[in-house]
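In the UniProt record's numbering, the protein residues as written are 1 to 91. By construction, the Cβ of each residue, glycine as well, lies at the ideal position given by its N, Cα and C atoms.
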Amino acid sequence: MHKPKITIHYCVLCQWLLRSGWLAQELLSTFSDDLAEVALAPAIKGTFKIFYNTELIWCREQDNGFPEAKILKRRVRDRLDPSRALGHIDR
């Protein structure tokens, strides 16, 4: 089975690198053995999108802002292993 790749596209002009890096760290802390990689992809024009392989799972414009770490972790978990418990995040 192939491990999934998470790609975070972030606007460099908006200086969203730190936010992107923090979310990448959160995902790697929770799903380190289950992900092939978490990649940061510089973009422009206010872009902030997160992909699970090729599936868009977060878009700043469509989802009205940036994800909380727990919401993003739930979205990744729901695709990776829906039966997996995330502890306090599931409360």
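| Skipping 5 residues on each side, what residues in its chain have a beta carbon closer than 8 Å to that of residue 6? | The answer, listed in chain order, is 24, 27, 35, 37, 38, 39, 50, 51, 52, 76.
| request: Indicate the three-state DSSP secondary structure (helix, strand or coil) for residue 16 in the structure shown. | output: Coil.
| query | Which of the three DSSP states, helix, strand or coil, is assigned to residue 44? | reply | In the three-state DSSP reduction, residue 44 falls in the coil class, being neither helix nor strand.
| Which residue comes first and which comes last in the alpha helix (DSSP H) that contains residue 6? | Residue 6: not part of any alpha helix (DSSP H); member of the beta strand (DSSP E) spanning 5–11, first to last residue.
| query | residue 92 lies in the alpha helix (DSSP H); which residues open and close that run? | reply | In this structure the chain extends from 1 to 91, so residue 92 is not present and cannot be described.
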